[in-house]
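Asks:
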Amino acid sequence: MSSLKRFAPGVALAAGAGLPLLVPNEYYLQILTQGYVFAILACGLNVIVGFAGQLSLAHAGFFGIGAYTVALLATKAGVAFWLGLPAGIIVTAAFGHAIGSICLRSKGHYFSIFTLAVGLIIHIVIQKWESLTHGHVGVIGIPGPGSIGPIQFDSSIARSYLALAFLALTLVATARLLRSPVGRTLMAVRESEPLAAAVGLDVMAAKRLAFTVSAALAGLAGGLYAGFIGFLGPESSNVEVTFNSLLYVMVGGMGSLSGPVAGTFIVYGLSQVLQVLQEYQMVIFGLGLVLLILFMPTGLAGLIRSWSIRGRRS
Amino acid sequence: MELFAQQVLNGLVTGSVYSLVALGLTLIYGTMHVPNFAHGHLYMLGAYLTYTLVTRAGLNYWAAMAVSVAALAVLGAALERLVFRPLRHAPHLNAMIAALGVMLFLEAVAQKIWGEEFRHVDSPHTGVVSVFGMMVTEHRLILAGAAAALMVGLLLFLTRTVAGSAIRATAQNPEGALLVGIDTNRVAMATFAMSAALAAVAGSLIAPISLVYPSMGTMITLKAFAIVVVGGMGSVPGALAGGYLLALAESLGGTYISATYQDLVAFVVLAVVFTFRPSGLFKEAA
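So the sequence lines, in the order shown, correspond to chains L and Y.
Under this note's numbering, the letters of the first sequence match residues 1 to 314, in that order.
Under this note's numbering, the letters of the second sequence match residues 1001 to 1286, in that order.
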C-alpha cells in the first residue's frame, strides 16, 4: 500500500497527461476539459464538506460569482482572461470570506440551511440583475484564455491540458492544506467541534479559512468554465450545480484528497457518455445519493481503504 | 387602502399554504432533527397527484385530494422507514445529504412523468364572493378556512390526545420518551406520514390557484425553512404564525417595494435572522 501510495500521484498525472491524446474526437475532448473544471469545483466543495464536515450548499453561487466576474470583466471592460481569472478568484475568495464569517457562526443544520439560502440569493440576484448580468439572455462572446507568450490555448487539446494543470495545482494546494496544522484543526472540527474548541484550537479561524479556500476554488472553476465555454447563463449558478458536485464528492469519498476527482470522472463521465444516463440523469443521481449515504457513506476512497486494511490483516 | 386590503387578503391565503408546509417541516425537525430538504417536493407531488386524479381519472377535486393525501402519507412513512431511520445514528451530515437525494429524485421523477409544462387544476368552486367590498374567489376562501381548520385540529391533536403527547414527548426527549414506554420508531414514522400528508393538503389546495410544475417544491422548501427558522426550529405555533407573517411580508413587499425581488424576501429574512441570531430567533422548542 505504501509503495502504491507513493507512486499514485505520478501514475495519476501520467494518466491525466495521456488522456487528452487518447480521446477520439473534439466532442469528448471538451467533455474531458469540463470534467477537469468540475473536478476543481468538487475538490473545492470537499475542503469545507469533507475536511471540515460543514455541509455548505452555497457553492453554485461561488461558481457563478467566479464565472460572471471573468465574463463581465472581459466583455464589459475588455480585461484579458489571464487578468480576469485571478480577479475572479480574488472576488470569489472575498465573498467567501465575508459570507463564511457570517454563515459559520451557525452550526450544523443551521449552517446548511443558511448557505442554501445564500446560494439561492446569489442565483436570484444573478438572474434578475439584468443591467449587469443580462439576466436570462446571459453573457455571450466571452474571450477564452488566448495565449501566454508563445503558448497558444486556442485548440481544445491545449485547453484540456490547461484545465488539467489547474486541477493538479488544486490537488497540491488542498493536499498541503490538509497536512498543515489548519488541516488537522479542520479534521478535529469534523470529528467534534466542541472538543476541538475545548482543547484550545481556533475553530472559527480554521473553518473560515476552509470556507474561503473552498469558495476560491469554486471561483477558479467558474472562471475557467466561462472562458472555455464562451457563453454564460444564470443556470451556471443554479443550486443543481451544488448538488451535482456534492454527488461527485460523495461517490469519490468525502474528505479524501483525490476522491472528488475520481467521483467527478465516474459520474460526470458516465452521464455524458451513456445516453440512458442522460435521459434519467437526475432520477439516477438522486437515488444514487440516497443509496450511497445509506450503504457506502465513505465513497470509493473508503471502499479502497477498507480493502487495503483487510488485505494487510490477512 | 383597497390595494392594501387586497394584498393583506392575498397574504392570508398564501400564508395558510405556507403555514401548512412549514408545520410539516417543523414537526419532522422537532421529532427527528432532520432538516427535510425534500419537504417541498412532497408538496409538489401532492399537487401533481391531485392534478392527475382530477384531469385523468375524472375524480371530484376533494376526492382526488383525499387520495393524494393518503398516498403521500404512505410515501412519508416509507421515507422514514427506508431512508431516515437507518441514518438516525449516523453523523448529521448523512441525513441531510439523504434528504437532498430524495429531493433530486422526486423532482426528476415528476419531470419524467409529467414533463416540464405548467399544469392547472380546475376548482369546483369558481364563484366570486365579496368580502368587506373586496372580490375573492370561493376557492381562496375555502382554502384559507380549510387550512385554518386543519391547523386548529392538529394543534388540538398534539395537545389533547395521547398520540399527540407521545409526539411532543419524543420531540422533547427521545430517550425519556422511550423510557416511559413510547415506541419512538412508530412516533417518527407517524410524524413523517403526517408531515407528508400536510404537504399534500397544501399542494392540492394551492393547485387551482397557482400552477403545478416539477420545481415548485424548491422555492417553498426554502420559504418553509425561513419560516421555521424565524418561528423556532421544531416549534408548532412558530411555524403557524411565521407562515402568515412571511406571506404578508411578501405580498406587501411585492406591491410596495419590488415585485422583481419578491421571492427574495424569504431568503433575506432567513439570512438576516441567522446573521444576528446564529441559531434562529428562538431556542429549539418542542
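Using N, Cα and C, we set each Cβ at its ideal position, and we do this for glycine too.
These figures come from a predicted structure and were not determined experimentally.
1. With a Cβ-Cβ cutoff of 7 angstroms, do residue 251(L) and residue 60(L) count as a contact?
2. Using a Cβ cut-off of 7 angstroms, pull out every chain L residue sitting near residue 1264(Y), in sequence order please.
3. Should residue 25(L) be labelled buried (16 or more other beta-carbon atoms within 10 Å of its own) or exposed?
4. Give the C-beta separation of residue 293(L) and residue 1098(Y) to the nearest angstrom, bearing in mind that I take them to be a contact with Cβ-Cβ under 8 angstroms.
5. Does the Cβ-Cβ distance between residue 167(L) and residue 36(L) come in under 7 angstroms?
6. Count the other C-beta atoms from every protein chain shown that fall within 10 angstroms of the C-beta of residue 310(L), then say buried if there are 16 or more, exposed otherwise.
7. Compare the C-beta of residue 1238(Y) against all C-beta atoms of chain L and say whether one is closer than 7 angstroms.
8. Between the segment 71-89 of chain L and the segment 1003-1013 of chain Y, are three or more C-beta pairs nearer than 8 angstroms?
9. Can you list, in chain order, the stretches of the alpha helix (DSSP H) that have 4 or more residues and sit fully within the segment 1001-1089 of chain Y?
10. So, for residue 245(L): in the same chain, excluding its five sequence neighbours on each side, which residues have a beta-carbon less than 6 angstroms away from its beta-carbon?
11. Which residues does DSSP pair with residue 176(L) in a beta bridge?
12. Run through the DSSP bridge pairs and tell me what residue 91(L) is partnered with.
13. Could you have a look at residue 2(L) and say whether DSSP puts it in helix, strand or coil?
14. Can you tell me the Cα-Cα spacing of residue 1280(Y) and residue 209(L), whole angstroms?
15. Please work out which residues of its chain come closer than 7 angstroms, Cβ to Cβ, to residue 147(L), disregarding the five sequence neighbours upstream and downstream, and give them in chain order.
16. Given 8 angstroms as the limit, is there contact between the segment 1193-1209 of chain Y and the segment 1052-1068 of chain Y, that is, 3 or more CB pairs closer than that?
17. Thinking residue 315(L) and residue 122(L) are a contact (beta carbons under 8 angstroms), I'd like their distance in whole angstroms, please.
18. Specify, as a first and last residue, the run of the beta strand (DSSP E) that residue 1180(Y) falls within.
19. Nearest CA to the CA of residue 263(L): which residue from 160(L), 214(L), 295(L), 299(L)?
20. What residue from 34(L), 58(L), 71(L) has the CA that sits closest to residue 230(L)'s CA?
21. Is there a Cβ from chain Y that is less than 7 angstroms from the Cβ of residue 168(L)?
22. Mind pulling the chain L residues with CB within less than 7 angstroms of residue 1104(Y)?
23. In the DSSP assignment, find the alpha helix (DSSP H) that holds residue 1189(Y) and state where it starts and stops.
24. Rank 1111(Y), 1224(Y), 1247(Y) by C-alpha distance to the C-alpha of residue 279(L) and give the top, closest one.
25. Check the Cβ of residue 976(Y) against every Cβ in chain L and list those closer than 7 angstroms, keeping chain order.
26. Would a C-beta distance cut-off of 7 angstroms place residue 267(L) and residue 247(L) closer than the cut-off?
27. Extract the residue ranges of the alpha helix (DSSP H) inside the segment 1098-1169 of chain Y, only unbroken runs of 4 or more that lie entirely within it.
28. Check this for me: beta carbons of residue 74(L) and residue 222(L), under 7 angstroms apart or not?
29. Using a Cβ cut-off of 7 angstroms, pull out every chain Y residue sitting near residue 128(L), in sequence order please.
30. Taking residue 288(L) as the reference, give the member of 1173(Y), 1053(Y), 1100(Y) with the closest Cα.
31. So that I know if they touch, is there some Cβ in chain L lying closer than 7 angstroms to that of residue 1285(Y)?
32. Does any residue of chain L have a CB that is nearer than 7 angstroms to the CB of residue 1165(Y)?
33. Would you say residue 105(L) and residue 1278(Y) are within 7 angstroms of each other, going by their C-beta atoms?
34. Does the distance from the C-beta atom of residue 49(L) to that of residue 55(L) stay below 7 angstroms?
35. Compare the C-beta of residue 2(L) against all C-beta atoms of chain Y and say whether one is closer than 7 angstroms.
36. For a contact meaning CB atoms closer than 7 angstroms, what does residue 250(L) contact in chain Y?
Replies: So, from the data block:
1. Numbered from its first residue, the first sequence carries residue 251(L) at position 251. Numbered from its first residue, the first sequence carries residue 60(L) at position 60. Contact flag unset, no.
2. To locate residue 1264(Y), count along the second sequence from 1; it is residue 264. Result: 121, 124.
3. Residue 25(L) sits at position 25 when you count from the first residue of the first sequence. With fewer than 16 Cβ atoms within 10 Å of its Cβ, residue 25(L) is classed as exposed.
4. Start at 1 with the first residue of the first sequence, and residue 293(L) comes out as number 293. Start at 1 with the first residue of the second sequence, and residue 1098(Y) comes out as number 98. Rounded to whole angstroms, the Cβ separation of residue 293(L) and residue 1098(Y) is 5 angstroms, and the two are in contact under 8 angstroms.
5. Position 167 of the first sequence, counted from the first residue, corresponds to residue 167(L). Position 36 of the first sequence, counted from the first residue, corresponds to residue 36(L). Against a cut-off of 7 angstroms, the Cβ pair of residue 36(L) and residue 167(L) comes out as a contact.
6. To locate residue 310(L), count along the first sequence from 1; it is residue 310. Classification of residue 310(L): exposed, given that the 10 Å Cβ count is below 16.
7. Reading the second sequence from its first residue, position 238 is the one you call residue 1238(Y). False, the Cβ-Cβ gap to chain L never drops below 7 angstroms.
8. no
9. Counting only runs of at least 4 residues, the segment 1001-1089 of chain Y fully encloses the following alpha helix (DSSP H) elements, listed from N- to C-terminal order: 1002-1032, 1039-1055, 1061-1079.
10. Residue mapping note: residue 245(L) aligns to position 245 of the first sequence, counting from 1. Result list for residue 245(L): 41, 42, 45, in chain order.
11. Locating residue 176(L) in the first sequence gives position 176, where the first residue counts as 1. Residue 176(L) is not bridged to any residue.
12. Here residue 91(L) is taken as the residue at index 91 of the first sequence, counted from 1. Answer is none; residue 91(L) lacks a bridge partner.
13. The sequence position of residue 2(L) within the first sequence is 2, counting from 1. Only weak support is given to the placement of residue 2(L): the predicted model assigns it a pLDDT of 48, under 50, and the question is left unresolved by the model.
14. On the second sequence, position 280 is the one that residue 1280(Y) refers to. On the first sequence, position 209 is the one that residue 209(L) refers to. Taking the straight line joining both Cα atoms gives about 24 angstroms.
15. On the first sequence, position 147 is the one that residue 147(L) refers to. Once the five neighbours on either side are set aside, the close Cβ partners of residue 147(L) are 153.
16. yes
17. Residue 315(L) is absent from the model: chain L starts at 1 and stops at 314.
18. Taking the first residue of the second sequence as position 1, residue 1180(Y) is located at position 180. Premise fails: residue 1180(Y) is in no beta strand (DSSP E) and is neither H nor E.
19. The residue labelled residue 263(L) in the question sits at position 263 within the first sequence. Nearest option by C-alpha distance: 299(L).
20. The residue you call residue 230(L) lines up with position 230 of the first sequence. Out of 34(L), 58(L), 71(L), 71(L) has the C-alpha closest to the C-alpha of residue 230(L).
21. Position 168 of the first sequence, counting from 1, holds the residue named residue 168(L). Judged by the 7 angstroms Cβ criterion, residue 168(L) is not in contact with chain Y.
22. Start at 1 with the first residue of the second sequence, and residue 1104(Y) comes out as number 104. 243, 282, 285, 286, 289, listed in chain order.
23. Mapped onto the second sequence, residue 1189(Y) falls at position 189. Its alpha helix (DSSP H) spans residues 1184-1206.
24. Taking the first residue of the first sequence as position 1, residue 279(L) is located at position 279. Nearest C-alpha to residue 279(L): 1111(Y).
25. Absent from the model: residue 976(Y). The displayed extent of chain Y is 1001 to 1286, so no value can be given.
26. Translated into positions along the first sequence, residue 267(L) becomes position 267. Translated into positions along the first sequence, residue 247(L) becomes position 247. Yes. Within cutoff.
27. Listed in chain order, they are 1138-1160.
28. Counting from one through the first sequence, the residue named residue 74(L) turns up at place 74. Counting from one through the first sequence, the residue named residue 222(L) turns up at place 222. No.
29. Here residue 128(L) refers to the residue found at position 128 when the first sequence is read from its first residue. Per Cβ cutoff of 7 angstroms: 1260, 1261.
30. Position 288 of the first sequence, counting from 1, holds the residue named residue 288(L). Nearest of 1173(Y), 1053(Y), 1100(Y) to residue 288(L), Cα basis: 1100(Y).
31. Within the second sequence, the letter at position 285 stands for residue 1285(Y). Residue placement at residue 1285(Y) is poorly supported in this model, since its pLDDT is 45, which falls under 50; the coordinates still yield a value, given next. Not an interface residue.
32. The count along the second sequence starts at 1 and reaches residue 1165(Y) at position 165. Output row for residue 1165(Y): interface = no.
33. As a first step, residue 105(L) must be located in the first sequence, where it is residue number 105. As a first step, residue 1278(Y) must be located in the second sequence, where it is residue number 278. Their beta carbons are under 7 angstroms apart, which means residue 105(L) touches residue 1278(Y) by this criterion.
34. Here residue 49(L) refers to the residue found at position 49 of the first sequence. Here residue 55(L) refers to the residue found at position 55 of the first sequence. Contact flag set, yes.
35. Within the first sequence, the letter at position 2 stands for residue 2(L). Confidence at residue 2(L) is low in this model, with a pLDDT of 48, below 50, so its placement is unreliable and the value that follows should be read with caution. It does not: the Cβ of residue 2(L) has no partner Cβ on chain Y nearer than 7 angstroms.
36. Here residue 250(L) is taken as the residue at index 250 of the first sequence, counted from 1. The answer, in chain order, is 1097.
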